[in-house]
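Residue numbers (this note's numbering), protein chains in the order written: chain A, 1 to 468; chain B, 1001 to 1223.
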């Protein structure tokens, strides 16, 4: 900039100051109003939106789909799209280092690159349109970040991925190239070139946002992960109780007092410590208990349960089980009031049980421990309604209305022999169910195994209404 | 009588501290006619101060180790009086700060306020934007939950893909080949010491430059 220009600039600024205001109190008043508004927004967000709960970090859970903070989403999406480009897409560092690096450098040295001395927007068409396309591109990439890029069976990109490409890479890239190209023509074309730049930038922006919206709206809803997260001791206890009955009761029994394992393949008759004893509770810390569950004690017959060592549990789940044990059996602890043991609802006289309300709770407590994938259960799984209806290796297990269904026979404590000669033990193997639960299961089978609560309601005897 | 005491006291301090000069230099400045968009810089500063205050509170209870980070944050959320509010403000303040700083940059770009004589103010401003993003990146790991762990795994891997220096960057960030206790303590230290100190220093220079050159006037047709 020439000295003369600098001088006029300073003079003009002095005139602007004369006509202006004082920082104190005029400007600072506006600053305070805005800051106070932001403060209120912060309080509202913290109080009413809060922070979603997340499970503890689990380095063994490689299936977890990483999701960065929202202001980095555009970069994530850019990398994902770039990686789909044939050939050059394999050279990762171009997208991870070169392009962001150049963009950043350009932003840093902007005052040195932008030699245009003018400041009013009508005289800065190039700068404003290029920046506009950049910012809209970032917004479009952020919008479509939740939609995965995908290829079909034969490796072609899906329609959605094509649209994402168009919206997030091709349109902004093309627009910026055109904008720069038009600048070279500006000397010859003058105002017409500048108008063209505005048109290109606007059209590209509308296209990017429009396509982004289409991609967003047509995307299949993302699967909601069903990981339950506990924040308080009570919630941990509740989740831990369910996990305990699925993973631990097989050997340690419902209440942890088993000292000789019965009915478990390979561990029959093994003597173990009662894990609910004061000795255990007083001498083993939470950390030790968690380690035992995580690594197992293979020499004593306990397999590892931590996912890192081949089990099925993550760190949060192990933590919940430890909380359940501690607050159930350690007499120095007091159970918080918000802890609930998921209980099996009692039947009213004449009521028919449903899977939804009664049977699922019962099964979770007593059966799933063994009747889940990876256990010796003659392929009879019980984790869902459909699985319970069978069949297993021994053919149909439950027949609607048949009191002699294999299921009911075993639950009633009578052993059977399978066609291949295997002995089918009474269920549950360590201890039969309480009579009221056996009755509940029988009633359920006799009434045709209703799934939803409403179906069972329809089958139930009408509850006698007290006459006035 | 009170007025007399007050005047005496003020004069005593003014002679020794130069309060009046300070007032004239920082607060009683002429400015071009203001614009509501010009409040975003001070809003960023306000958010930085809020993040600092809530952050200091959080460090009282937070433990930067993989074994205890998650539990210490759960304790802040459920065990500490108003801990949820403080952490909520810190969490949302981070998002809001990134947004406000970015819009502030767009405003400066739109009014071309980065031109002579304010080139250095812009340069430092971009540095502040980057540091703010750095604060977001390092702070994201601290709760040591699934989201934090895996986002940082990917984020550091991206930094590690830089040609030639990538491996060094990756090791410097993670303190090993995988995310581990060292990563957490490095991110913690960066989040509460290194980056905030850099931010504070650069904010100081940024504000000094703004006072030195005055706020830029809104450009009119002749500019």
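Ideal Cβ positions, reconstructed from N, Cα and C, are used throughout, including at glycine. No experiment lies behind these values; they were computed from the predicted model shown.
| field | Burial state of residue 376 of chain A (16 or more Cβ within 10 Å) | value | For the purposes of this step, residue 376 of chain A is taken as the residue at position 376 of the first chain. Classification for residue 376 of chain A: exposed.
| In chain B, which residues lie with their C-beta within 8 Å of the C-beta of residue 330 of chain A? | As a working note, residue 330 of chain A is residue 330 in the first chain. In chain order: nothing, as chain B lies at least about 18 Å away.
| query | Mind pulling the chain A residues with CB within less than 7 Å of residue 1136 of chain B? | reply | Start at 1 with the first residue of the second chain, and residue 1136 of chain B comes out as number 136. Result: 69, 71.
| residue 137 of chain A: beta carbon under 8 Å from a heavy atom of the ligand ATP? | Of the ligands one can find in the structure shown there are none, so the ligand ATP has no counterpart to examine.
| task | State the Cα-Cα distance for the pair residue 1111 of chain B and residue 1207 of chain B, rounded to the nearest angstrom. | result | To locate residue 1111 of chain B, count along the second chain from 1; it is residue 111. To locate residue 1207 of chain B, count along the second chain from 1; it is residue 207. C-alpha separation (whole angstroms): 19 Å.
| Contact set between residue 149 of chain A and chain B, taken where Cβ atoms lie within less than 9 Å | By 1-based counting over the first chain, the position of residue 149 of chain A is 149. Chain B residues near residue 149 of chain A: none, gap ~15 Å exceeds 9 Å.
| said: Pull the bridge partners of residue 1200 of chain B from the DSSP assignment, please. | reply: Position 200 of the second chain holds residue 1200 of chain B. In the DSSP output, where bridge partners are listed per residue, residue 1200 of chain B has none listed.
| request: Evaluate residue 137 of chain A with the Cβ neighbour count: other Cβ atoms within 10 Å of its Cβ, from every protein chain shown; 16 or more gives buried, anything less gives exposed. | output: Along the first chain, read from residue 1 onward, the residue named residue 137 of chain A stands at position 137. Buried.
| residue 349 of chain A to residue 368 of chain A, Cα distance in whole Å? | Here residue 349 of chain A refers to the residue found at position 349 when the first chain is read from its first residue. Here residue 368 of chain A refers to the residue found at position 368 when the first chain is read from its first residue. Taking the straight line joining both Cα atoms gives about 28 Å.
| How many angstroms separate the CA atom of residue 111 of chain A from the CA atom of residue 22 of chain A? | Walking along the first chain from the start, residue 111 of chain A turns up at place 111. Walking along the first chain from the start, residue 22 of chain A turns up at place 22. Going by the C-alpha atoms only, they are around 28 Å apart.
| request: Would you grab the beta carbon distance between residue 1155 of chain B and residue 1168 of chain B for me? Rounded to a whole angstrom, and I think it's under 8 Å. | output: Position 155 of the second chain, counted from the first residue, corresponds to residue 1155 of chain B. Position 168 of the second chain, counted from the first residue, corresponds to residue 1168 of chain B. No, residue 1155 of chain B and residue 1168 of chain B are not in contact; Cβ-Cβ is about 17 Å, not under 8 Å.
| request: Identify each residue in the stretch 102-123 of chain A for which the Cβ-Cβ distance to at least one residue of chain B is less than 9 Å, and report them in chain order. | output: 104, 107, 108, 109, 110, 111, 112, 114, 116, 117, 118, 119, 120, 121, 122, 123
| Helix, strand or coil: which one does DSSP assign to residue 125 of chain A? | Your numbering for residue 125 of chain A matches position 125 in the first chain. Helix.
| query | In chain order, what residues of the same chain have a beta carbon less than 8 Å from the beta carbon of residue 1075 of chain B, not counting five sequence neighbours either side? | reply | Locating residue 1075 of chain B in the second chain gives position 75, counting from the first residue. Cβ within range, chain order: 1061, 1083.
| field | Alpha-carbon spacing of residue 262 of chain A relative to residue 452 of chain A, whole angstroms | value | Sequence index remark: in the first chain, residue 262 of chain A carries index 262 (1-based). Sequence index remark: in the first chain, residue 452 of chain A carries index 452 (1-based). Looking at the two C-alpha atoms, the distance is approximately 35 Å.
| Straight-line CA distance for residue 1107 of chain B to residue 1037 of chain B? | Residue mapping note: residue 1107 of chain B aligns to position 107 of the second chain, counting from 1. Residue mapping note: residue 1037 of chain B aligns to position 37 of the second chain, counting from 1. Answer to the nearest angstrom: the Cα atoms are 7 Å apart.
| query | Would you call the CB atoms of residue 1221 of chain B and residue 114 of chain A closer than 9 Å? | reply | Residue numbering aside, residue 1221 of chain B sits at position 221 when the second chain is read from its first letter. Residue numbering aside, residue 114 of chain A sits at position 114 when the first chain is read from its first letter. Taking 9 Å as the Cβ cut-off, residue 1221 of chain B and residue 114 of chain A do not qualify as a contacting pair.
| task | Might you give, ordered along the chain, the residues of its own chain that have their beta carbon closer than 6 Å to the beta carbon of residue 427 of chain A, omitting 5 neighbours on each side? | result | Start at 1 with the first residue of the first chain, and residue 427 of chain A comes out as number 427. The answer, listed in chain order, is 410, 411.
| said: Taking the beta carbon of residue 468 of chain A as the centre, do at least 16 other beta carbons fall within 10 Å, making it buried, or is it exposed? | reply: Numbered from 1 along the first chain, position 468 holds the residue referred to as residue 468 of chain A. Low per-residue confidence applies at residue 468 of chain A: pLDDT is 49, beneath 50, and the placement is therefore not dependable, though the value from the model is reported in the following sentence. Exposed.
| query | Just checking, does the stretch 372-388 of chain A make contact with the stretch 1005-1012 of chain B on the three C-beta pairs under 8 Å criterion? | reply | no
| said: Cutting at 8 Å between CB atoms, please list the residues of its own chain near residue 168 of chain A, excluding the five before and the five after it. | reply: Against the first chain, residue 168 of chain A aligns to sequence position 168. If we look at residue 168 of chain A and ignore the five residues flanking it on each side, its Cβ neighbours are 77, 78, 81, 137, 140, 141, 144, 208, 212.
| DSSP state of residue 384 of chain A mapped onto helix, strand, coil | Within the first chain, residue 384 of chain A is the residue found at index 384, counting from 1. Coil, per DSSP.
| Exposed unless 16 or more other CB atoms sit within 10 angstroms - verdict on residue 340 of chain A | If you number the first chain from 1, residue 340 of chain A lands on position 340. When all chains shown are included, residue 340 of chain A counts as exposed.
| query | For the candidate residues A:177, A:195, A:172, A:152, whose alpha-carbon lies nearest to that of residue 125 of chain A? | reply | Looking up residue 125 of chain A in the first chain gives position 125. If we check each option's Cα against that of residue 125 of chain A, A:195 comes out closest.
| message | Buried or exposed for residue 10 of chain A, going by 16 or more other Cβ atoms inside 10 Å? | response | Indexing the first chain from 1 puts residue 10 of chain A at position 10. Exposed, because fewer than 16 other Cβ atoms sit within 10 Å of the Cβ of residue 10 of chain A.
| task | Could you pull out every residue in the same chain whose Cβ sits closer than 8 Å to the Cβ of residue 1094 of chain B, ignoring the five residues on either side in sequence? | result | Sequence index remark: in the second chain, residue 1094 of chain B carries index 94 (1-based). If we look at residue 1094 of chain B and ignore the five residues flanking it on each side, its Cβ neighbours are 1051, 1135, 1136, 1139.
| field | Helix, strand or coil at residue 270 of chain A [DSSP, three-state] | value | Here residue 270 of chain A is taken as the residue at index 270 of the first chain, counted from 1. Looking at residue 270 of chain A - three-state DSSP - the assignment turns out to be coil, as it is neither helix nor strand.
| said: On the CB-based measure, 16 or more other CB atoms within 10 Å of its CB, does residue 40 of chain A come out buried or exposed? | reply: Stepping through the first chain from its first residue, residue 40 of chain A is reached at position 40. Answer is exposed; the Cβ neighbour count stays below 16.
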